[in-house]
Amino acid sequence: MKNKILNILINNENKYVSGESIANELNVSRVSISKNIKTLRNEGYDILSKQNKGYMLINENDYLSDQYIKDNTDSFYKNITVLDSTSSTNADIKERASSLPEGSVLISNNQLGGKGRNGRPFYCEKNKGIYMSVLIKPDIPLDLSLLITACAGVSIVEAIKDVYGIETGIKWVNDIYYKNKKLAGILCEAGIELQSMSLEYMVVGIGINVHHINNSQFTNGIASSIEDFTDTFRHRNDLIVSVLNHFHYNYKNIYNDSLIEKYKKYSIVLHKNITVYEKNNTYNAYVEDIDNLANLIIRKEDGASVTLSGNEISIRL
518 MKNKILNILI NNENKYVSGE SIANELNVSR VSISKNIKTL RNEGYDILSK QNKGYMLINE
578 NDYLSDQYIK DNTDSFYKNI TVLDSTSSTN ADIKERASSL PEGSVLISNN QLGGKGRNGR
638 PFYCEKNKGI YMSVLIKPDI PLDLSLLITA CAGVSIVEAI KDVYGIETGI KWVNDIYYKN
698 KKLAGILCEA GIELQSMSLE YMVVGIGINV HHINNSQFTN GIASSIEDFT DTFRHRNDLI
758 VSVLNHFHYN YKNIYNDSLI EKYKKYSIVL HKNITVYEKN NTYNAYVEDI DNLANLIIRK
818 EDGASVTLSG NEISIRL
């Protein structure tokens, strides 16, 4: 009940909603509304009340609402949970992957042990970003798994454009950039059925830096946040909804040529000079194409053509 009330207040944030109208919409008593409002206040929500006007949520802290997200996303997402804090949303989902349905989503206001590729730490600050994992159980061969990362990358770019009007790009293989600054990262982790070497499940981890972060650990590097490039304030709920809806659409069309066409369109490495990092070796190359599996087709300086499926690269400016 409290989540339903919170959802109504979020939909009418910074405006008063009468207790009577909330009670009528939810078919409960005014006393029940009052008790649940008290519970929400005890949980930290800033809810004003005024006689003859009702209740108003002051949403300056950008609260996440699982109910709001459920109400505005595709029915594919059957199980959406919001936590205040956790070590890793990816790890939490993986622990229960066999018992959870496809389309389960875990979102946290904070991650204490967020990781990127190769175990590198992903800096998280409470209430400043989106730290989210989506469980999928795709019926695809293991060698097509890079398409899932491509699907997530395209979806984040499309969502940021929809919500903020900013046209970001994808740095192969799993980072979202704007003006040479990293705004988001993707970490896909798979459960593999060893006998058939097929995917049992995949956890799509998404981290997006949304609000301003004033921390030298964050600002001294290549990372930045969406709000560093726009005066537009939008709640994280809206960006989460957009990412999830775009992801479901692209996931349904994962074999459609349009996905790779969009992936190429949003790529910031296509037709660029790059450095490839391969174990203890590095070499320079030129990116000629991205194939239908989202692999990078490069031309080395000696003229040899190479297909990359997961190496680290950097753009040579």
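Numbering of the sequence shown is given in my numbering, commencing with residue 518 and proceeding in unit increments. For glycine and all other residues, C-beta sits at the position ideal for the given N, C-alpha and C. Being a predicted model, the structure only gives us computed values, none of them experimental.
- With distances taken between CA atoms, K781 lies nearest to V674 out of K696, S538, V823, V674.
- Taken in chain order, the unbroken stretches of alpha helix (DSSP H) that lie wholly in the stretch 748-789 and span 4 residues or more are 753-769, 774-783.
- Secondary structure note for N726: its beta strand (DSSP E) is the uninterrupted segment 715-726.
- Excluding residues up to 5 positions away in sequence, I586, N589, T590 lie with their Cβ nearer than 7 Å to the Cβ of V758 in the same chain.
- With contact defined as three or more Cβ pairs closer than 8 Å, the stretch 704-717 and the stretch 803-812 are not in contact.
- The beta strand (DSSP E) runs of length 3 or more contained entirely in the stretch 613-670 are, from start to end of the chain, 621-625, 646-653.
- The beta carbons of N770 and L761 sit no closer together than 7 Å.
- For the pair S625 and Y594, the Cα-to-Cα distance works out to about 16 Å.
- It is roughly 36 Å from the alpha-carbon of S604 to the alpha-carbon of D808.
- Judged by DSSP secondary structure, N541 falls within the alpha helix (DSSP H) whose first and last residues are 536-543.
- Close CB contacts of K817 within its chain, under the 8 Å cut and outside five residues either way in sequence, are with Y800, N801, A802, V823 (chain order).
- With respect to T606, Y681 sits apart: the two C-beta atoms are not nearer than 7 Å.
- CA-CA distance, V727 to G708, rounds to 30 Å.
- For R833, there is no enclosing alpha helix (DSSP H), as DSSP gives it neither H nor E.
- For N801, the enclosing beta strand (DSSP E) stretches over residues 798-807.
- Looking at G827, V786, Y766, Y768, the one whose alpha-carbon comes closest to that of E795 is G827.
- If you look at Y585, you'll find it in the alpha helix (DSSP H) that goes 583-589.
- A direct Cα-Cα distance of roughly 17 Å separates W689 from E706.
- Minimum Cα-Cα distance from K643 among the listed residues V721, N524, A667, H729 corresponds to H729.
- Exclusion of the five residues before and after L600 leaves S625 as the residues of its chain whose Cβ lies within less than 6 Å of its Cβ.
- Taking the C-beta atoms as reference points, I703 is found no nearer than 7 Å to I683.
- Judged by their CB atoms, I725 and G646 are nearer to each other than the 7 Å cut-off.
- With contacts defined by Cβ atoms closer than 7 Å, I522 and N553 form a contacting pair.
- Here DSSP, grouped into helix, strand and coil, assigns I791 to strand.
- Judged by their CB atoms, S535 and G571 are nearer to each other than the 7 Å cut-off.
- V671 places its beta carbon 7 Å or farther from that of K789.
- Per DSSP, the continuous alpha helix (DSSP H) segment holding I522 begins and ends at 519-528.
- N731 is the residue among N731, A540, S621, Y695 whose C-alpha sits nearest the C-alpha of C641.
- Annotation for I814: the continuous beta strand (DSSP E) segment containing it runs 813-817.
- A direct Cα-Cα distance of roughly 11 Å separates E560 from K519.
- Contact annotation: I677 and T666 have beta-carbon atoms that are not nearer than 7 Å.
- Annotated as distal: K611 and V721, with beta-carbon spacing of 7 Å or more.
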